[in-house]
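Chains as they are written, first to last, in numbering that gives the first Met the number 0: chain A, 0 to 179; chain B, 0 to 179; chain C, 0 to 179; chain D, 0 to 179.
Ideal Cβ placement from N, Cα and C applies to all residues, glycine included.
These numbers come from a predicted model, not from an experiment.
Notes follow the structure.
Protein chains: 4
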Amino acid sequence: MKTKKDLIIETATSLFAKHGFEKTSVAAICENAQVSKGLVYHHFKSKDEILIAIYEQSTEEMVNLSMADSRKKPSERLKDIIEGLFLQLESNKQFYQFNLNIMFQPSTKRMLESQIKERATLLFNSVKSIFKRIDATNSELLSYVFIAEIDGIALSYLSSFENYPITEMKNHLLKKYTND
Amino acid sequence: MKTKKDLIIETATSLFAKHGFEKTSVAAICENAQVSKGLVYHHFKSKDEILIAIYEQSTEEMVNLSMADSRKKPSERLKDIIEGLFLQLESNKQFYQFNLNIMFQPSTKRMLESQIKERATLLFNSVKSIFKRIDATNSELLSYVFIAEIDGIALSYLSSFENYPITEMKNHLLKKYTND
Amino acid sequence: MKTKKDLIIETATSLFAKHGFEKTSVAAICENAQVSKGLVYHHFKSKDEILIAIYEQSTEEMVNLSMADSRKKPSERLKDIIEGLFLQLESNKQFYQFNLNIMFQPSTKRMLESQIKERATLLFNSVKSIFKRIDATNSELLSYVFIAEIDGIALSYLSSFENYPITEMKNHLLKKYTND
Amino acid sequence: MKTKKDLIIETATSLFAKHGFEKTSVAAICENAQVSKGLVYHHFKSKDEILIAIYEQSTEEMVNLSMADSRKKPSERLKDIIEGLFLQLESNKQFYQFNLNIMFQPSTKRMLESQIKERATLLFNSVKSIFKRIDATNSELLSYVFIAEIDGIALSYLSSFENYPITEMKNHLLKKYTND
DNA sequence: CATGAATGAGGGTTCATTCAT
DNA sequence: TATGAATGAACCCTCATTCAT
Numbered sequence: 000m001k002t003k004k005d006l007i008i009e010t011a012t013s014l015f016a017k018h019g020f021e022k023t024s025v026a027a028i029c030e031n032a033q034v035s036k037g038l039v040y041h042h043f044k045s046k047d048e049i050l051i052a053i054y055e056q057s058t059e060e061m062v063n064l065s066m067a068d069s070r071k072k073p074s075e076r077l078k079d080i081i082e083g084l085f086l087q088l089e090s091n092k093q094f095y096q097f098n099l100n101i102m103f104q105p106s107t108k109r110m111l112e113s114q115i116k117e118r119a120t121l122l123f124n125s126v127k128s129i130f131k132r133i134d135a136t137n138s139e140l141l142s143y144v145f146i147a148e149i150d151g152i153a154l155s156y157l158s159s160f161e162n163y164p165i166t167e168m169k170n171h172l173l174k175k176y177t178n179d
Numbered sequence: 000m001k002t003k004k005d006l007i008i009e010t011a012t013s014l015f016a017k018h019g020f021e022k023t024s025v026a027a028i029c030e031n032a033q034v035s036k037g038l039v040y041h042h043f044k045s046k047d048e049i050l051i052a053i054y055e056q057s058t059e060e061m062v063n064l065s066m067a068d069s070r071k072k073p074s075e076r077l078k079d080i081i082e083g084l085f086l087q088l089e090s091n092k093q094f095y096q097f098n099l100n101i102m103f104q105p106s107t108k109r110m111l112e113s114q115i116k117e118r119a120t121l122l123f124n125s126v127k128s129i130f131k132r133i134d135a136t137n138s139e140l141l142s143y144v145f146i147a148e149i150d151g152i153a154l155s156y157l158s159s160f161e162n163y164p165i166t167e168m169k170n171h172l173l174k175k176y177t178n179d
Numbered sequence: 000m001k002t003k004k005d006l007i008i009e010t011a012t013s014l015f016a017k018h019g020f021e022k023t024s025v026a027a028i029c030e031n032a033q034v035s036k037g038l039v040y041h042h043f044k045s046k047d048e049i050l051i052a053i054y055e056q057s058t059e060e061m062v063n064l065s066m067a068d069s070r071k072k073p074s075e076r077l078k079d080i081i082e083g084l085f086l087q088l089e090s091n092k093q094f095y096q097f098n099l100n101i102m103f104q105p106s107t108k109r110m111l112e113s114q115i116k117e118r119a120t121l122l123f124n125s126v127k128s129i130f131k132r133i134d135a136t137n138s139e140l141l142s143y144v145f146i147a148e149i150d151g152i153a154l155s156y157l158s159s160f161e162n163y164p165i166t167e168m169k170n171h172l173l174k175k176y177t178n179d
Numbered sequence: 000m001k002t003k004k005d006l007i008i009e010t011a012t013s014l015f016a017k018h019g020f021e022k023t024s025v026a027a028i029c030e031n032a033q034v035s036k037g038l039v040y041h042h043f044k045s046k047d048e049i050l051i052a053i054y055e056q057s058t059e060e061m062v063n064l065s066m067a068d069s070r071k072k073p074s075e076r077l078k079d080i081i082e083g084l085f086l087q088l089e090s091n092k093q094f095y096q097f098n099l100n101i102m103f104q105p106s107t108k109r110m111l112e113s114q115i116k117e118r119a120t121l122l123f124n125s126v127k128s129i130f131k132r133i134d135a136t137n138s139e140l141l142s143y144v145f146i147a148e149i150d151g152i153a154l155s156y157l158s159s160f161e162n163y164p165i166t167e168m169k170n171h172l173l174k175k176y177t178n179d
């Protein structure tokens, strides 16, 4: 059963993604969730805490997702990651936008500093463990490059270009990392 | 001579970079620039207009920078671009942060949509003209990849990782694109 | 056995004394008493009613105290009163502060108007009955002066002066009213 | 000419006196002063600052008042002080109530702690300088007693008793301290 | 007797903007 | 150009109280 607290989180996530954290008022969250202000502050100490809750929850989901497959061979796993990310990127643009919004809003960034770093490290280690089996000596650098490429594509896709060739970019990555 | 208007722009830029656009009040700009509110609104129709002015000005500077060298050979030009960008990235973190802040704040993004796209196109064409001389058939894709790599590195450097191996990443790019 | 209701009263008294009535939230009482909001409102119709209950209870205690001794000679009784009050004043500062807080907060004062007046009359009559046996014609004025002196000392002690010579003041009163 | 800032202070003083500091909303001040909320916060950083401004101003007035006469003989000066205070007490009940409200509201008391102490010391020294010429060895104690008597009378008059014999109390004090 | 989710009015405060000077 | 008093809407948050369980 969906609790009111979950409803608030969902609504807030959606509004933060659409308008940004700073531009989303608590009142707007209440209206959209059909809930009183009092209730929001009954469940969360502050607007900031809502954001923190959302971020934590999404980190958990991300971890579950990235930890999934384990016994496949490296190139298969990279393929899964790439395809998984592009799928999400295309189907859930807002969520990525939300994350980038948070990361580049000095106030929210400061607020989530430790979580952001923790999540990045998690992702990095996950990727590195794959590259270790491909090229042990360069696994760190390769991981950074891999992550930079994906983030860079997301960035270009989400904010700079109209008609970004997202499919071609995906194929390029697949070719580079899985040599089909 | 530095006019009051320039002073306002400078101050605003610095504050926008430090605290984000939404979190910077006009009052704060006035205090920091030692200028009255009336004067700010004499020179700019609104707070938004200040941001637009800043963005336009910084686009100009960027264009001047990227257009500079012209008759060198492609690999030389890529080397110049890479080194120029990394130099800026390391010496002027705040300015990059400011740009990313704007691009991922839905409200400001909408406001500057056309300028952002224009600037991206400008940069893209500039890069493409180089890659055309390296590999004519793939110049578009190569350009997108090149831009994604640089943006992705900037993103990782600026917000995700502590002790990011920025120099190694630069060397990696230089090796990849200029084959020394 | 201490009932939950007593616990609530105790906790509320302490918090009202520490932070004032207006600045003490029902939520704070609940937290401190480890009790739910529902329970508080089960025992008391409103926050105001808690205050009323506390005031009534403390009036009762005060009456019991002042009525105690009866057959001693007047100067002995005055001595007892003075010493009793100073003892309380020094050992239970917060309780006096709480009473003064209530008496000078217009909203609470209005609420407890009748009780405050009743208590004052009670004290006054008690004192007057003593002075009647000392100087029948001036007993009223003497009582008012006696009460004013004690209240004035309490006021100075509790809020105006650092290092108030409370013992000297007590001795002064004892000398004045019991001529030892 | 009366500035808007003065108007705000006046209005706030009156409302704080009538309803107490905590129970007076900034909105109420605005309504009564026919002024926007923005203006209040243009002139004062916070509601607290309004209170501080009022208190400081009233301390100044008090100082000017108590410092006035200097060459009269001690009993004359005491007479002036007593009569001045009783005049004020009777004509300006609210102002006294306001001061007592502040002194016994823990939050406001804390806020004005230093000013309250400063004012008390000022008054004390002023009184002591008079008593020194009457009875040098006991001037301190006499001053404390004098102040306690006056404060105690004010307290009784303002909150405890109906039909308080304020005139008789004044005469009693005059007789005691000026022996007419 | 006991809980705590839920409400909604109102609290203090911020802020972009205007305008008389 | 230049000032800063003045506005009013919106913001985040608190709180006494109710009610289904």
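query = In its own chain, which residues sit with a C-beta less than 6 angstroms from the C-beta of C/T23, not counting the 5 before and 5 after it?
reply = Numbered from its first residue, the third sequence carries residue 23 of chain C at position 24. Correct list, in chain order: L14 and F15.
task = Report the rounded CA-to-CA distance for D/E48 versus B/I81, giving the unit in angstroms.
result = Indexing the fourth sequence from 1 puts residue 48 of chain D at position 49. Indexing the second sequence from 1 puts residue 81 of chain B at position 82. Spanning the two alpha carbons is a distance of roughly 55 angstroms.
message = Strictly below 9 angstroms CB to CB, what residues from chain A border B/M102?
response = Taking the first residue of the second sequence as position 1, residue 102 of chain B is located at position 103. Neighbourhood of B/M102 in chain A, by CB distance below 9 angstroms: L99, F103, L154, L157, S158 and S159, in chain order.
message = Please list the terminal residues of the continuous alpha helix (DSSP H) segment that includes D/E117.
response = Taking the fourth sequence and counting its residues from 1, one reaches residue 117 of chain D at position 118. From DSSP, the alpha helix (DSSP H) with D/E117 extends over E112 to F130.
message = Restricting to Cα atoms, I'd like to know which of D/D5, D/A11, D/D150 and D/F97 is closest to D/F85.
response = Taking the fourth sequence and counting its residues from 1, one reaches residue 85 of chain D at position 86. Ranking the options by Cα distance to D/F85, first place goes to D/D150.
key: 7 angstroms CB neighbourhood of C/S142 in its chain, flanking five on each side removed   = Reading the third sequence from its first residue, position 143 is the one you call residue 142 of chain C. Around C/S142: F123, V126, K127 and F130.
request  = Using beta-carbon positions only, say whether B/I53 and B/T12 come within less than 8 angstroms of one another.
outcome  = On the second sequence, residue 53 of chain B is found 54 positions in, with the first residue counted as 1. On the second sequence, residue 12 of chain B is found 13 positions in, with the first residue counted as 1. For B/I53 and B/T12, yes; Cβs fall inside 8 angstroms.
key: Residues that A/I8 contacts on chain B, provided the C-beta gap is smaller than 7 angstroms   = The sequence position of residue 8 of chain A within the first sequence is 9, counting from 1. Listed by position along chain B, the residues whose Cβ is nearer than 7 angstroms to that of A/I8 form an empty set, because the closest Cβ is around 20 angstroms away.
task = Could you please tell me which residues of the stretch 100-129 of chain D, in chain order, have their CB closer than 9 angstroms to any CB of chain C?
result = Per Cβ criterion, the list reads N100, I101, M102, F103, Q104, P105, S106, T107, K108, I115, K116, R118, A119, T120, L122 and F123.
message = Just to confirm, is the Cβ distance from C/I165 to C/E89 under 8 angstroms?
response = Counting from 1 along the third sequence, the entry for residue 165 of chain C is found at position 166. Counting from 1 along the third sequence, the entry for residue 89 of chain C is found at position 90. Contact flag set, yes.
message = Give me, in chain order, the residues of the same chain whose beta-carbon lies closer than 6 angstroms to that of A/Y156; leave out the 5 immediate sequence neighbours on both sides.
response = On the first sequence, residue 156 of chain A is found 157 positions in, with the first residue counted as 1. Excluding the 5 residues flanking it on each side, A/Y156 has same chain C-beta neighbours closer than 6 angstroms at Y163 and I165, in chain order.
ask   = Using 8 angstroms as the limit for Cβ to Cβ distance, is D/E82 near chain C?
value = By 1-based counting over the fourth sequence, the position of residue 82 of chain D is 83. Taking Cβ atoms only, chain C never reaches closer than 8 angstroms to D/E82, which makes this a no.
request  = Assign D/F160 to one of three DSSP states: helix, strand, or coil.
outcome  = For the purposes of this step, residue 160 of chain D is identified with residue 161 of the fourth sequence, where counting begins at 1. Shown here, D/F160 sits in coil according to DSSP, grouped into three states, outside any helix or strand.
ask   = In chain order, what residues of the same chain lie with their CB nearer than 7 angstroms to the CB of C/E139, ignoring the 5 residues before and after it?
value = The residue labelled residue 139 of chain C in the question sits at position 140 within the third sequence. Contacts found: K127.
key: Closer than 8 angstroms to chain A by CB, B/Q87   = For the purposes of this step, residue 87 of chain B is taken as residue 88 along the second sequence, with counting starting at 1. It does not; no Cβ of chain A falls within 8 angstroms.
task = Could you tell me if A/K44 is buried or exposed, where buried requires 16 or more neighbouring beta carbons within 10 angstroms of its beta carbon?
result = For the purposes of this step, residue 44 of chain A is taken as the residue at position 45 of the first sequence. Counting the other CB atoms within 10 Å of its CB gives A/K44 a total below 16, which places it among the exposed residues.
key: Proximity winner among C/I133, C/V39, C/E75 and C/I101, relative to D/S158 (alpha-carbon distances)   = Translated into the one-based positions of the fourth sequence, residue 158 of chain D becomes position 159. Comparing alpha carbon positions, the residue from C/I133, C/V39, C/E75 and C/I101 closest to D/S158 is C/I101.
ask   = Which bits of chain B does A/L140 rub up against, with CB to CB less than 9 angstroms?
value = Position 141 of the first sequence holds residue 140 of chain A. The answer, in chain order, is P164, E167, M168 and H171.
task = Check the Cβ-Cβ distances between A/I28 and every residue of chain B, and say whether any is below 8 angstroms.
result = Locating residue 28 of chain A in the first sequence gives position 29, where the first residue counts as 1. For A/I28, the answer is no, since every Cβ of chain B falls outside 8 angstroms of its Cβ.
query = So is D/R76 buried or exposed if we call it buried at 16+ other beta carbons inside 10 Å?
reply = Translated into positions along the fourth sequence, residue 76 of chain D becomes position 77. With 16 or more other Cβ atoms within 10 Å, it is buried.
ask   = Quick one: which chain D residues come within Cβ less than 9 angstroms of C/D134?
value = On the third sequence, residue 134 of chain C is found 135 positions in, with the first residue counted as 1. Within 9 angstroms Cβ-Cβ: nothing; C/D134 doesn't reach chain D, min ~13 angstroms.
query = Are there 16 or more other CB atoms within 10 angstroms of the CB of D/H41, so buried, or fewer, so exposed?
reply = In the fourth sequence, residue 41 of chain D corresponds to position 42, counting from 1. With a 10 Å radius around the Cβ and a threshold of 16 neighbouring Cβ atoms, D/H41 comes out exposed.
query = Excluding the five sequence neighbours on either side, which residues of its own chain have a C-beta within less than 8 angstroms of the C-beta of B/K71, listed in chain order?
reply = Within the second sequence, numbered from 1, the residue matching residue 71 of chain B stands at position 72. Take B/K71, set aside five residues on each side of it, and the residues of its chain with a beta-carbon closer than 8 angstroms to its own are D79, in chain order.
ask   = Under a three-way DSSP split, which group does B/K169 fall into?
value = Residue mapping note: residue 169 of chain B aligns to position 170 of the second sequence, counting from 1. It is helical.
inquiry  = What residue range does the alpha helix (DSSP H) around B/I80 cover?
reply    = Indexing the second sequence from 1 puts residue 80 of chain B at position 81. B/I80 -> alpha helix (DSSP H) spans P73 to S90.
inquiry  = Counting C-beta neighbours from all protein chains within 10 Å, is the total for C/Q104 16 or more, i.e. buried, or is it exposed?
reply    = Within the third sequence, the letter at position 105 stands for residue 104 of chain C. So C/Q104 counts as buried.
query = If you run the structure through DSSP and keep just helix, strand and coil, what is D/Q56?
reply = As a first step, residue 56 of chain D is located in the fourth sequence; it is residue number 57 there, counting from the start. Three-state result, D/Q56: helix.
query = Between the beta-carbon of C/L121 and the beta-carbon of C/V62, is there less than 8 angstroms?
reply = Position 122 of the third sequence, counted from the first residue, corresponds to residue 121 of chain C. Position 63 of the third sequence, counted from the first residue, corresponds to residue 62 of chain C. Going by C-beta atoms, C/L121 is nearer than 8 angstroms to C/V62.
query = Quick one: is C/K46 near chain D, going by C-beta distance under 8 angstroms?
reply = For the purposes of this step, residue 46 of chain C is taken as residue 47 along the third sequence, with counting starting at 1. No - not a single Cβ of chain D is within 8 angstroms of the one on C/K46.
task = Decide if B/M0 is buried, meaning its Cβ has at least 16 other Cβ atoms within 10 Å, or exposed.
result = Position 1 of the second sequence, counting from 1, holds the residue named residue 0 of chain B. Exposed.
ask   = Using CA coordinates, which residue listed in A/N137, A/E30 and A/V34 is at the minimum distance from A/K4?
value = Position 5 of the first sequence, counting from 1, holds the residue named residue 4 of chain A. Answer by Cα proximity: A/V34.
inquiry  = Quick check: what's the CA-CA separation for D/I7 versus B/E148?
reply    = For the purposes of this step, residue 7 of chain D is taken as the residue at position 8 of the fourth sequence. For the purposes of this step, residue 148 of chain B is taken as the residue at position 149 of the second sequence. Looking at the two C-alpha atoms, the distance is approximately 60 angstroms.
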